[in-house]
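Structure, as structure tokens:
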Amino acid sequence: MNLHDLSREIKSVLKEDKKDVGNIVHKDRMSLILVDGLGWNIAQRLNTSVKPEKINSIFPSITVTVFATLLTAKRPGEHGILGWRIYDREEGRILNLMKVLKEQSVELDTFFSNTDSVFIMPEVATKSMMSKLKVIPYYTYWDGLYKYKLALENKDSKFVFFYLPYVDAMSHLYGPFSSPTLETASEVMGSLEKITNVYRESYSILITSDHGHVQVDRSVNLREDEEFLREMEFPPYGDARSLMFKSKRPLASLSKYGTLYEREKVEELVGGTNNIPDYLLVPFDNVNVVYWKDDMEHKYKGSHGGLTKDEMEIPLFVYE
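Here the working numbering is used: the first residue of the sequence shown is 176, the next is one more, and so on.
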């Protein structure tokens, strides 16, 4: 199972068509909690009352891509959001969605429209892909837990989504196996289990993640690679562990940084052709490859977006 399969099951339950229902959701009311950055490599170290199932993320294993899939029940290659930097074919330019979403929303054809659904999100993330949905912002970790409980107590809520970014933030800063990251994950899961144990009789409550992290030991700056700059026809987009290129010919200089996939393989990886590149670079384990100046400012010790087990394998906790 992967997150696309999970999104299809949620859609089936909410739309009551039942055609994609598996063996996960058994109640008419459900809640999905997304703990950003909680990979299987972290989850299996935690002491929880429920044993998680190991499932897979989607590729690219990037938060904004996962959000688009969960909201639409479409594969990345169908909805076309393949990372934080995307290629705008109509304008012939690269857009930084991180900046765009701070100023305006990006409309998606989401199946949550006209459903009794509520989304509990950090205040900074409320201008996003959810402009047509009922979004309740929260301002601190504790405020989020409080508002999540209030949403569960509302008898009109058929679906409650709760997003927590804290494990991801710590993993980026300190690495996925650091004490700060593991302590944050333990604290978050402990708080969530206290809530799930109260409301699991009324809801099917699922806790999962968007991706895991790999430890980053080296960052490559493509602007310092003269051979690549001579070959480059158009700046890369995507992310530091899933770089995408528009090019009429293979970029041979990139092979020293990771595995280079051609369009046919990319289509297979993302499940469609919308916005896919001619070439995709998936860096070697523990390596980030950057081109854009704002990406160079991040000195991450943990990263994601690629195809390693640490990035792709995530937990699914089910409370009923």
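Glycine included, each C-beta is placed from N, C-alpha and C at the ideal position.
Is there at least one non-hydrogen atom of the ligand GTP closer than 7 Å to the beta-carbon of histidine 201?
Looking at this structure, you won't find the ligand GTP or any other ligand, since it has none at all.
Using the three-state DSSP reduction, which class does proline 251 fall into: helix, strand or coil?
Locating residue 251 in the sequence shown gives position 76, where the first residue counts as 1. If DSSP states are grouped into helix, strand and coil, proline 251 belongs with the helices.
What does the Cβ neighbour count give for tyrosine 321, buried or exposed, with the cut at 16 atoms within 10 Å?
Here residue 321 refers to the residue found at position 146 when the sequence shown is read from its first residue. With fewer than 16 other Cβ atoms within 10 Å, it is exposed.
For asparagine 450, which of helix, strand or coil comes out of DSSP?
Reading the sequence shown from its first residue, position 275 is the one you call residue 450. Correct three-state label for asparagine 450: coil.
Out of Ser306, Val335, Phe403, point me to the one whose CA is closest to aspartate 203's CA.
As a working mapping, residue 203 is identified with position 28 in the sequence shown. Ranking Ser306, Val335, Phe403 by Cα distance to aspartate 203 puts Val335 first.
Just to confirm my understanding: we take glutamate 402, look at its own chain, exclude 5 residues before and 5 after, and list those with CB closer than 6 Å. What are they?
For this step, residue 402 is matched to residue 227 along the sequence shown. Within the same chain, Cβ atoms closer than 6 Å to the Cβ of glutamate 402 are found at Ser428, the five residues on either side in sequence being excluded.
Let's see if you can read the secondary structure: which residues bound the alpha helix (DSSP H) around glutamate 402?
For the purposes of this step, residue 402 is taken as the residue at position 227 of the sequence shown. It spans 401 to 406 - the alpha helix (DSSP H) in which glutamate 402 sits, taken as one unbroken run.
What is the DSSP secondary structure of arginine 393, reduced to helix, strand or coil?
The residue you call residue 393 lines up with position 218 of the sequence shown. Of the three classes helix, strand and coil, the one that applies to arginine 393 here is strand, per DSSP.
Count the C-beta pairs between the region 384 to 399 and the region 363 to 371 that are closer than 8 Å, then say yes if the count reaches three, no if not.
Result no; under three Cβ-Cβ pairs closer than 8 Å.
Leaving out five residues before and five after glutamate 437 in sequence, what residues of the same chain have Cβ atoms less than 7 Å from its Cβ?
By one-based count along the sequence shown, residue 437 stands at place 262. For glutamate 437, where only same-chain residues beyond five positions count, the Cβ hits under 7 Å are Tyr454.
From which residue to which residue does the alpha helix (DSSP H) around asparagine 216 run?
Translated into the one-based positions of the sequence shown, residue 216 becomes position 41. Asparagine 216 -> alpha helix (DSSP H) spans 215 to 218.
Would you kindly report the start and end of the unbroken alpha helix (DSSP H) that includes asparagine 372?
Within the sequence shown, residue 372 is the residue found at index 197, counting from 1. Its alpha helix (DSSP H) spans residues 354 to 374.
Between the region 445 to 453 and the region 251 to 260, can you find at least three pairs of beta-carbon atoms closer than 8 Å?
With a cut-off of 8 Å, the region 445 to 453 and the region 251 to 260 count as touching, because enough Cβ pairs lie within range.
Quick one, which of His179, Tyr494, Leu491 has its alpha-carbon nearest threonine 235's?
Walking along the sequence shown from the start, residue 235 turns up at place 60. What sits at residue 235 in the sequence shown is proline, not threonine. Taking only the C-alpha atoms, the option nearest proline 235 is His179.
Look at the Cβ atom of glycine 481, then the Cβ atom of valine 465, and state whether they are nearer than 8 Å.
Stepping through the sequence shown from its first residue, residue 481 is reached at position 306. Stepping through the sequence shown from its first residue, residue 465 is reached at position 290. Not in contact: glycine 481 and valine 465 (Cβ atoms no closer than 8 Å).
Skipping 5 residues on each side, what residues in its chain have a beta carbon closer than 7 Å to that of aspartate 400?
In the sequence shown, residue 400 corresponds to position 225, counting from 1. Closer than 7 Å at Cβ, skipping near neighbours: Ser428.
For the pair the region 406 to 415 and the region 199 to 218, tell me if three or more CB-CB distances fall below 8 Å.
No, the region 406 to 415 does not touch the region 199 to 218.
Give the single residue among Asn463, Thr483, Lys468, Trp467 whose Cα lies nearest to the Cα of tyrosine 475.
Along the sequence shown, one-based indexing puts residue 475 at 300. Taking each of Asn463, Thr483, Lys468, Trp467 in turn and checking the Cα distance to tyrosine 475, the smallest one comes out for Asn463.
Any idea what DSSP makes of serine 206, helix, strand or coil?
The count along the sequence shown starts at 1 and reaches residue 206 at position 31. Three-state result, serine 206: strand.
Can you tell me which residues form a DSSP beta bridge with leucine 339?
Residue numbering aside, residue 339 sits at position 164 when the sequence shown is read from its first letter. Per DSSP, Val210.
Below 8 Å on the Cβ atoms is my guess for phenylalanine 286 versus lysine 190; work out the distance and round it to an integer in Å.
Working through the sequence shown from its first residue, we reach residue 286 at position 111. Working through the sequence shown from its first residue, we reach residue 190 at position 15. The pair is a contact, with the Cβ atoms about 7 Å apart (cut-off 8 Å).
Just curious, the alpha helix (DSSP H) that isoleucine 185 is in, first and last residue?
Locating residue 185 in the sequence shown gives position 10, where the first residue counts as 1. Taken as a continuous stretch (DSSP letters only), the alpha helix (DSSP H) holding isoleucine 185 covers 178 to 190.
What are the partner residues of threonine 240, as DSSP defines its beta bridges?
Taking the first residue of the sequence shown as 1, we reach residue 240 at position 65. Per DSSP, none; premise fails for threonine 240.
Note down, in chain order, each residue of its chain lying with its Cβ closer than 7 Å to the Cβ of serine 346, except the 5 sequence neighbours on either side.
Within the sequence shown, residue 346 is the residue found at index 171, counting from 1. Sequence-distant Cβ neighbours of serine 346 in its own chain, meaning closer than 7 Å and more than five residues away, are Gly212, Thr356, His388, Gly477.
So what's glycine 413 in DSSP terms, helix, strand or just coil?
Along the sequence shown, one-based indexing puts residue 413 at 238. Of the three classes helix, strand and coil, the one that applies to glycine 413 here is strand, per DSSP.
Would you call the CB atoms of isoleucine 230 and tyrosine 412 closer than 8 Å?
Working through the sequence shown from its first residue, we reach residue 230 at position 55. Working through the sequence shown from its first residue, we reach residue 412 at position 237. By the CB criterion at 8 Å, isoleucine 230 and tyrosine 412 fall outside the cutoff.
Tell me which residues share the same chain as leucine 491 and place their Cβ nearer than 7 Å to its Cβ, disregarding the 5 neighbours each side in the sequence.
Mapped onto the sequence shown, residue 491 falls at position 316. Taken in chain order, the residues that qualify are Pro227, Glu228, Ile230, Leu381, Thr383.
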